[in-house]
Structure formats: structure tokens, C-alpha cells
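Taking it in order: structure first as C-alpha cells, then the write-up.
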Amino acid sequence: MSNAILLGIGLIDNTAKDLARISKNLRANGRNLASIGSELTMGITLPVVAAGGALLKFAGDLDGMKKALAANMGGLNQANAEFEKLKELAKAPGIGLEEAIEGSYRLQGLGESANEARHQMANFAKVVSLSGGGEAQFGGLLQQFTQMKGVGKILGGDIRFMIENAPVLGKVLNDAFGTAIPEKLRDMGITVDQLIEGMMTQMDKLQGIGGSVKNTLENLWTSIRIGGGEIGLAILSVTGMGDSLEDLSSNIDKSATAAAKWIKENKGAVNALKDLIIVMAVTGPIARFIG
Numbered sequence: 001m002s003n004a005i006l007l008g009i010g011l012i013d014n015t016a017k018d019l020a021r022i023s024k025n026l027r028a029n030g031r032n033l034a035s036i037g038s039e040l041t042m043g044i045t046l047p048v049v050a051a052g053g054a055l056l057k058f059a060g061d062l063d064g065m066k067k068a069l070a071a072n073m074g075g076l077n078q079a080n081a082e083f084e085k086l087k088e089l090a091k092a093p094g095i096g097l098e099e100a101i102e103g104s105y106r107l108q109g110l111g112e113s114a115n116e117a118r119h120q121m122a123n124f125a126k127v128v129s130l131s132g133g134g135e136a137q138f139g140g141l142l143q144q145f146t147q148m149k150g151v152g153k154i155l156g157g158d159i160r161f162m163i164e165n166a167p168v169l170g171k172v173l174n175d176a177f178g179t180a181i182p183e184k185l186r187d188m189g190i191t192v193d194q195l196i197e198g199m200m201t202q203m204d205k206l207q208g209i210g211g212s213v214k215n216t217l218e219n220l221w222t223s224i225r226i227g228g229g230e231i232g233l234a235i236l237s238v239t240g241m242g243d244s245l246e247d248l249s250s251n252i253d254k255s256a257t258a259a260a261k262w263i264k265e266n267k268g269a270v271n272a273l274k275d276l277i278i279v280m281a282v283t284g285p286i287a288r289f290i291g
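This note's numbering puts the sequence shown at residues 1 to 291.
Listed below in C-alpha cells is the structure:
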């Protein structure tokens, strides 16, 4: 065999080895790039997306709470001022911010001033915390109280449910009227307004308890949500994302409507596509098994 042929064979062999080495390096680099991409996605992209989603959620909650107040107070400026006062009220044991805001517009809707609504809620939060309860019990008590106030009658179920959520309230009623039994209160001719006045007078005398670990954690979570909501609202305002999200929502609705209409008008094509998807779903595993 001639030297030229041997040289050619050698060159081909070396070239093949070089290509194999290059291919191996590319695959290794590809795996490294994929690994880096995966780490970036898990370490940066997903947390950023999650944080952004949380800020938007907090912003929506905060905006909703302020608008609920504004609807009952005649304007956003008054609502913002009252919101700050309710934030301070919600730091007390036994009451959360949502419960304070909901209680405020419920009580104002029943004729109480914003100041008196806060006074009543502060006292109810006091008896709830003295009874060992929290935000859930405060919400249950306030719901029953506003129901009784709205009806304008002392009903047995209302009083008993209020005491169930805050047992200390039973002592308050006994101190104020000599009984906590609804039927006896009615027989004494006590009206709802007199009942409320008597309860508030006695609850004003009660000494509240200091903050607990549970209350501290609840306040911390409230601060995170309100702070995040303020940041989210600022971002929406500066970037105009609020309008973009509304446009996106509208476009999604339009696209969904158009897609539903097309599906109804093209049943044959949809069924054919369904059959194709089934075939593809079955073919893949079979081909892999055979191979």
C-alpha cells in the first residue's frame, strides 16, 4: 500500500477522532449549559415570578380593602385616613386587619360613626383575647353582633353565639344587667341599644392582655401583606401594568369566546384532532418499547 494511501487513511482517522472529541465536548458543554439554565430558572426566575405574583396578590387585596372603606365613607381620602387608624387597631390581640375593615363598614352601614365603630371593635377584641380567642372568634362575634343590631331585637341565638366566641362576654353581661340569659334580658325590657351601651360601659373597664407570640406573628404577616400591597400598587401605577392586565384579561375572554365558537362550528375537525392526539399518545410508548 502506498504511502499516500496510508497518509490519507491516517488523516481520515484523525479527523474522525477530532470530530468525536468535538462532539463529546459539545455534548458536555450542552449539558453544562442546560444545568446552568436549570439552576438560573430554579434560583432566580421562579422566585422572581413568585415574588411578583405575591406582590400583585397583596396589591389586589389592599386595593379591595381600601375601596370597600371608600364606598362607606364617601371618598378615598377619608378611607385612607381611616385605614391607617384600623391598621393600628388591628395590632391589638384578638383582631385582624380584614376583620377590622369589614367590621368598620358593617357598623357604619348600621349607623355608627367610624370612631364608635372602632371603639366597639376594640372592646370586642379585648373580650375575645381575654377569652383566649383570635381573629376567627372575633369575626364570628362581630358577625352575630351586627346581625342582632341590624334586626333590632335581642335574640337568644345571637347572644349565645357571641358568648360562645368570647366567654368573658357572659361576665360582662352579668356585671351590666345581672344576667346573661337572653330571655331574662328581654323580660327586663332591655332594648338592643341599651344592651350595647351597657356592654360597652363594662368592657371599657376591662384591662386587656399583652401581646402574645401568636399575635406578634399575625401582626408580622399583616405588615408583610400591607407592605407588599403598597409596593405592588406603586409598581402597577408607575409601569401601567394595571391597564395591561385589564387588556390581557379582556383578550383572554375574547380568545376563549372565539375558540369556543370555532369548536362548536367545526365538530368534525375537533373529533379528527382528538383521534390524532390519541394515536400519537399511544404510538410513542409502543415505538419506544419496540425500539
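Cβ coordinates follow ideal geometry from the N, Cα and C atoms, glycine included.
- Counting C-beta pairs closer than 8 Å gives three or more between the region 58–69 and the region 219–230, which meets the contact rule.
- Of all alpha-carbon atoms in 133, 110 and 90, the one lying nearest the alpha-carbon of residue 122 is that of 90.
- Per DSSP, reduced to three states, the secondary structure at residue 268 is helical.
- With a beta-carbon spacing of about 5 Å, residue 125 and residue 92 fall inside the 8 Å limit used to define contacts.
- Pairwise C-beta distances place the region 137–149 in contact with the region 99–111, as three or more of them are shorter than 8 Å.
- Within the same chain, Cβ atoms closer than 6 Å to the Cβ of residue 165 are found at 137, 140 and 141, the five residues on either side in sequence being excluded.
- Restricted to the region 72–116, the alpha helix (DSSP H) segments that are unbroken, complete and at least 4 residues in length are 76–89 and 97–109, listed in chain order.
- Assignment of residue 146 by DSSP, reduced to helix, strand and coil, places it in the helix class.
- Every alpha helix (DSSP H) stretch that sits fully inside the region 154–242 and reaches 4 residues is listed by chain position as 156–165, 168–177, 182–187, 192–205 and 213–239.
- Pairing residue 97 with residue 222 gives a Cβ-Cβ distance under 9 Å.
- Comparing C-alpha distances from residue 87 to each of 66, 72 and 71 shows the shortest one belongs to 66.
- Distance between residue 188 and residue 163, taken at the CA atoms: about 20 Å.
- In this model, residue 198 and residue 114 are separated by some 20 Å (Cα to Cα).
- A straight line joining the alpha-carbon of residue 262 with that of residue 277 spans about 19 Å.
- From the listed residues 224, 264 and 208, the smallest Cα separation to residue 133 is found for 208.
- Close CB contacts of residue 119 within its chain, under the 6 Å cut and outside five residues either way in sequence, are absent.
- In this structure, the CA atom of residue 75 is about 47 Å from the CA atom of residue 264.
- Residue environment analysis places residue 213 among the exposed positions, since fewer than 16 neighbouring C-beta atoms fall within 10 angstroms of its C-beta.
- DSSP places residue 131 in the coil class of the three-state scheme, outside both helix and strand.
- Residue burial annotation: residue 224 is exposed, with fewer than 16 other C-beta atoms found within 10 angstroms of its C-beta.
- With a cutoff of 9 Å on beta-carbon distance, residue 117 and residue 104 are scored as near each other.
- Exposed is the label assigned to residue 193, since fewer than 16 other Cβ atoms lie within 10 Å of its Cβ.
- Here residue 169 is buried, its C-beta having at least 16 other C-beta atoms within 10 Å.
- In the displayed model, residue 140 falls within a helix according to three-state DSSP.
- Residue state for residue 60 is assigned as helix, using DSSP reduced to three classes.
- For residue 157, there are no CB contacts under 6 Å within the same chain when 5 residues up- and downstream are skipped.
- When only Cα atoms are considered, residue 84 and residue 257 end up about 43 Å apart.
- Of the candidates 177, 195 and 95, 95 places its Cα closest to the Cα of residue 217.
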